[in-house]
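A.B. asks: Per my numbering, the sequence shown runs over residues 1 to 1000.
Below you'll find the structure I mean.
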Amino acid sequence: MRNKGAVIVLTIVVTLLCIYYLSFTFVSRNIQQDAVQFATEESGVVDLGKKQAYLDSVYNIPVYNLFGIEYTYKEVKDTELSLGLDLQGGMHVTLEVSPIDIIKGLSGNSKDPAFLSAIEKAQQKQKESTEQFADLFIESYHETTEKPLANIFATAANRSRISRSDSDDAVMKVIKDEIDDAIDRSFIILRTRLDEFGTSQPNIQKLEDQGRIQIEIPGADNPERVRKLLQGVAKLEFWEVAQPTDINNALFAINDMLVNEQKAKASLKEDGTAATEEVAEQEEDLSSALSTEGDSTDEASSLDSALSGANDSTATEADSLSNRMSPLFELATGPLTYDVRDTTVIGSILRRADVQGLLPRSVKPLWAVKPFVDEQTDQEMLQLYFVQAGRGGAARLTGEVITDARQELDQYSRPAISMQMNALGTRVWAKMTAEASSKTPQGRIAIVLDNLVYSAPFVNGEIPNGNSQITGSFTMDEAKDLANILKAGSLPAPTRIVEEAIVGPTLGEVARNQGILSMLAGLAVVVIFMIGYYAKGGLVANIALVFNIFFILGILAQLQSALTLPGIAGIVLTIGMSIDANVLIFERIREEMRNGVKLKAAISAGYSKAFSSIVDANVTTALTAIILYALGQGPIKGFAITLMIGIACSFFTAVFITRVIVEWWTKKGDESNISFQTPFSKNLLSNFNIDFMGKRRMAYMISSVIIVIGMALVFINGLNLGVDFEGGRSYIVEFKDPIVATDMKVSLSNSLGEGGTEVKNFGSNNIVKVTTSYLVNDESDEADAQVQQAVISGIESFTGKSYVAEGSRVDSEHFTISGSSKVGATIADDIKDSSFEAGIFAIIAIFIYILIRFRKWQFSTGAIIALVHDSLFVFSAFGIAGVLGVKFEIDQVFVAALLTIIGYSINDTVVVFDRIREYLNLGTGRERLKVFNSAINSTMNRTIMTSFTTLIVVLILFIFGGEVLRGFSFALLVGIVVGTYSSIFIASPVVVDLDKKMIE
């Protein structure tokens, strides 16, 4: 084997990197366990508030030392392999910035009848269309009137962008740009707000093509607070930065008070007796060491010393300080700057009533929005500002006065921001800037959003016309963000939640345990089977499999991806599929040895001949994974990431690591060191001689009958579509005792009134899932509350039990809602469309790849017909199962299963095609039908082995994976069987029937 050294070095490097990144996960888990122990009450119930308080207290404190480098808990959390919402509980939200409100705001809330009619028509069209609302609006407007759009949108507020002579296309460009800007502004605001969640480790991303923002907040246990946070109106304000002379005396007084507190506390022992002279001397030395240079008094020690005893309620505050902070009273040189790790403690002190009492009533502290890196210490630092309030403690100017803001270049071609205000804002702004510019030292005005300072520029002179330029050390992106922030003060449209999922911690823990159990059980079965069938060769494959799983987890941690339940399903599937490469190699080695080839030569030939099949199989599966990631949403993306990583890792481990081990075992010429068969498997699954081509028409007929019957049942009875595809709301309701779901449905149907309602047991007989389309078109918070209350009322009426919030103990007299989800009708349509597109693109990509690799359209067509056959067969199986009383839900995870089946099926088909191509290239002159039969028969042992191992793993997933993955697992079970069947009886025979030259 060439490049053996490179493989060994790469394996060592990747292993060390995985150990490094996964170590953060172990540290984080230990800290969370400490938090749970701290928050566990005598009754055994965990106080979530106390747990969160514990984690917040250590958030910016070093908790892990690796090779002399200290990592705070925040840095540990950012690097760990995090768990998705479905495994630890939390909240998933998709927000939409209403384009209707934006268009109305741009028009100055026009009352023009044609305009209002066009808005209404566009709303109706959107229910059945995936086009952007702006395009539907312009289409509806032209259907309603011939008047130009400029008549509506050429208002005083838009005079710099739209004139009455502008074309409709020009106006539409402004409208679309405004909608895009509104999404950008909302994203920046929400991202900043979510940073306040700290240890909840929120994740936020823009869905560029959909005009939506997707947010995940693991561990969120207060959905109402999250909704208010995400949908609250942005609060943009302009504050004057307080002059040093205004607050220096107050800061000195605060510092003196804190120093005295520290000295008083240090003078007592833990038992309350006086401190020894030695301790007093140590304290005096510490105070001296931390004192400010040039300060002549003992009282004026630095804030580092002062804060060490500042808050008696938190015993760890003294230890949490980094001792690298600026003294609190040194304000003349600019805003105060602190190590980020100390800001939690600083903030708690500034919130103390006695500390606030020493500050002037008109002054309040505000933090900067983001830290910067100190070039000297290489530490992240954060600035603290003190701002001067106006009358009544309010800002003198708010964001409503801003009419426009944009990023531009100043006279020196540096990034800057221009800002325009209305008449009221212009008057106040002129007065504020005049006062600030006349101060000594030069005055500053802070731009504040949601009580965080985004910028605090100096004012060089009065700005009388409301047109301002803000300059500074901005990058282009920072200037654009600040411009968006300024525009956010007049945000024309609030965000609204169009999709929501809440997973309670109890439900998350159950899902986590089920996922881990299924993964371990699948791994155990494969390990035992491989050793029992391939002897030491199986042991080598198992070593590669362990490396494979370890690499997957390590790479997920490196990429800071969350491990979700579908992700675990991806790992479980990878366990089954990764064996395929080794099965291909080992069966080739055994085949060579049956032909009389020596072991070393057989090993070399086995790896060489199996390589092209392995590459083709992995590429085709990877194509479906890439398409899943590109077009999928939510859980599909997590599954796709894990599958892509699994494919890459399994290829490396199965092809390269196993060969290094195998050749190491045989390097001394002792062929007894390794074998690839046991007495049990020596002659098993060999010497097949079946006339597959002769039975192809019978296979066509059997497949057609089953598919026709199954699809007819689907059309008659429909599929059990989840809220992902139909829209609506669903609730996971947990009881202490068993409950009959069918009886409950009648009561809930009466309670929910209009709209379809489904009630079914969910995993066990004491948990039910309630799904309803009641108020499906109303996505407001009020509708959410109304539907949930209707569900609760219906359950209470039926059972006589009372509802308690999640986290409370569920006894025989109570029930709780441990999870819920909401999908708006519009987003449900988008999910259906993206799922359909994913399937189409996967088929096209596979067709092109097979065409390139095998250079005959008949092979591509045969493969695609087999894939369509497999997909229809799975749908038919779901339809037949429904008639038999087993209804599996069709949701996004089902789409992932279907595309995985496509990848698996083409994997199997490519292996058969590869052997057919090999035999055809031999040019033996035999009849082509016999060539096809020989090729299929020669791959039967590999086909059976791979299908069997994968089937066993998926069966374990079906049994132990939990209700969430039940439909996914069932689809895979059917797909694996049918995919194996179609590669033999559909794909290859279709190639023969399409190419008449092959039939002689």
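Beta carbons: idealized from backbone N, C-alpha and C, even for Gly.
Please classify residue 879: does DSSP put it in a helix, a strand, or coil?
C.D. replies: The answer is helix: DSSP assigns residue 879 an H, G or I state.
A.B. asks: Secondary structure at residue 681, three-state DSSP: helix, strand or coil?
C.D. replies: Residue 681: coil per DSSP, three-state reduction.
A.B. asks: May I ask you to report which of helix, strand or coil DSSP gives residue 405?
C.D. replies: Three-state result, residue 405: strand.
A.B. asks: For the segment 905-964, list the alpha helix (DSSP H) runs that are entirely contained and at least 4 residues long, ordered along the chain.
C.D. replies: The qualifying runs are 928-938 and 940-960.
A.B. asks: Starting from the N-terminal side, write out each stretch of the beta strand (DSSP E) that is 3 residues or longer and does not extend beyond the segment 719-803.
C.D. replies: Within the segment 719-803, the complete beta strand (DSSP E) runs of at least 3 residues are 728-735, 757-762 and 764-772.
A.B. asks: Using a 10 Å radius around the Cβ and a threshold of 16 neighbouring Cβ atoms, would you call residue 168 buried or exposed?
C.D. replies: Label assigned to residue 168: exposed.
A.B. asks: Which residues does DSSP list as the beta-bridge partners of residue 214?
C.D. replies: Answer by DSSP bridge pairing, in chain order: 94 and 205.
A.B. asks: Whole angstroms are fine: how far does the CA of residue 194 sit from the CA of residue 822?
C.D. replies: Approximately 21 angstroms between the Cα atoms of the pair.
A.B. asks: Expressed to the nearest angstrom, what Euclidean distance is found between the alpha-carbon atoms of residue 326 and residue 643?
C.D. replies: Because residue 326 sits at a pLDDT of 37, beneath the cut-off of 50, its placement in the model cannot be relied upon, and the point is left open.
A.B. asks: Since residue 605 contacts residue 651 with CB under 8 angstroms, what's their CB separation in whole angstroms?
C.D. replies: Not really, about 20 angstroms apart at Cβ, beyond 8 angstroms.
A.B. asks: Quick one: give me the first and last residue of the beta strand (DSSP E) that residue 624 is part of.
C.D. replies: Run containing residue 624: none in the beta strand (DSSP E); it sits in the alpha helix (DSSP H), 599-631.
A.B. asks: Spatial neighbours of residue 783 within its chain, please: CB distance less than 6 angstroms, with the 5 preceding and 5 following residues excluded, ordered by chain position.
C.D. replies: 775, listed in sequence order.
A.B. asks: With C-beta atoms as the reference, is residue 613 less than 7 angstroms away from residue 584?
C.D. replies: In this structure, residue 584 lies closer than 7 angstroms to residue 613 by Cβ.
A.B. asks: I need the DSSP call for residue 291, collapsed to helix, strand or coil.
C.D. replies: Confidence at residue 291 is low in this model, with a pLDDT of 33, below 50, so its placement is unreliable and the value that follows should be read with caution. Correct three-state label for residue 291: strand.
A.B. asks: By DSSP, does residue 141 sit in helix, in strand, or in coil?
C.D. replies: Residue 141: helix per DSSP, three-state reduction.
A.B. asks: Check whether the segment 968-986 and the segment 870-880 touch, using three or more Cβ-Cβ pairs below 8 angstroms as the test.
C.D. replies: Counting Cβ pairs under 8 angstroms, three or more are found: they touch.
A.B. asks: Can you give the Cα-Cα distance for residue 293 and residue 371, rounded to whole angstroms?
C.D. replies: Confidence at residue 293 is low in this model, with a pLDDT of 31, below 50, so the placement of that residue should be treated as unreliable; the coordinate-derived value is given next. If you take the alpha carbons of residue 293 and residue 371, they lie about 26 angstroms apart.
A.B. asks: Taking the straight line between their C-alpha atoms, what separation do you get for residue 818 and residue 802?
C.D. replies: Roughly 15 angstroms separates the two Cα atoms.
A.B. asks: Helix or strand or just coil, what does DSSP make of residue 360?
C.D. replies: Coil at residue 360, not helix or strand.
A.B. asks: Rounded to whole angstroms, what is the Cα-Cα separation between residue 727 and residue 95?
C.D. replies: For residue 727 and residue 95, the distance between alpha carbons rounds to 15 angstroms.
A.B. asks: Assuming residue 448 is part of the alpha helix (DSSP H), what are its boundary residues?
C.D. replies: It is not in any alpha helix (DSSP H) - residue 448 instead sits in the beta strand (DSSP E) that spans 445-449.
A.B. asks: Three or more C-beta pairs closer than 8 angstroms, one from the segment 560-575 and one from the segment 31-45: is that the case here?
C.D. replies: Taking 8 angstroms as the limit for Cβ pairs, the verdict is that the segment 31-45 does not touch the segment 560-575.
A.B. asks: Tell me which same chain residues have a C-beta within less than 7 angstroms of the C-beta of residue 161, skipping the five on either side of it?
C.D. replies: Closer than 7 angstroms at Cβ, skipping near neighbours: 174.
A.B. asks: Can the beta-carbon of residue 179 be found less than 7 angstroms from the beta-carbon of residue 191?
C.D. replies: Cβ distance not < 7 angstroms, so residue 179 and residue 191 don't count as in contact.
A.B. asks: Between which two residues does the alpha helix (DSSP H) harbouring residue 988 extend?
C.D. replies: Run containing residue 988: 988-994, per the alpha helix (DSSP H) assignment.
A.B. asks: Which value, in whole angstroms, describes the spacing of the CA atoms of residue 1087 and residue 459?
C.D. replies: Because the chain in this structure spans residues 1 to 1000, residue 1087 falls outside the shown range and cannot be described.
A.B. asks: Can you pull the DSSP bridge partners for residue 420?
C.D. replies: 404 and 467, per the DSSP bridge assignment.
A.B. asks: What is the DSSP secondary structure of residue 518, reduced to helix, strand or coil?
C.D. replies: Looking at residue 518 - three-state DSSP - the assignment turns out to be helix.
A.B. asks: Helix, strand or coil for residue 39? Go by DSSP, reduced to three states.
C.D. replies: Residue 39: helix per DSSP, three-state reduction.
A.B. asks: Kindly indicate the opening and closing residues of the alpha helix (DSSP H) around residue 701.
C.D. replies: Start and end: 696-717.
A.B. asks: Considering just the uninterrupted stretch of the alpha helix (DSSP H) at residue 371, what are its terminal residues?
C.D. replies: Looking at the DSSP string, residue 371 is not in any alpha helix (DSSP H), and its letter there is neither H nor E.
A.B. asks: Do you know how far the Cα of residue 575 is from the Cα of residue 845?
C.D. replies: Those two C-alpha atoms are separated by around 25 angstroms.
A.B. asks: Kindly list the residues whose CB is nearer than 7 angstroms to the CB of residue 137, restricted to its own chain and excluding five residues on each side of it in sequence; keep chain order.
C.D. replies: Closer than 7 angstroms at the Cβ level, and outside the excluded window around residue 137, lie 103, 118, 119 and 122.
A.B. asks: Pull up the DSSP beta-bridge partners for residue 593, would you.
C.D. replies: According to DSSP, residue 593 bridges with nothing at all.
A.B. asks: I believe residue 72 touches residue 108 by the beta-carbon criterion, under 8 angstroms. Please report the beta-carbon distance rounded to the nearest angstrom.
C.D. replies: No, residue 72 and residue 108 are not in contact; Cβ-Cβ is about 50 angstroms, not under 8 angstroms.
A.B. asks: Would you identify the three-state DSSP class for residue 559, choosing helix, strand or coil?
C.D. replies: Three-state DSSP puts residue 559 in coil, outside helix and strand.
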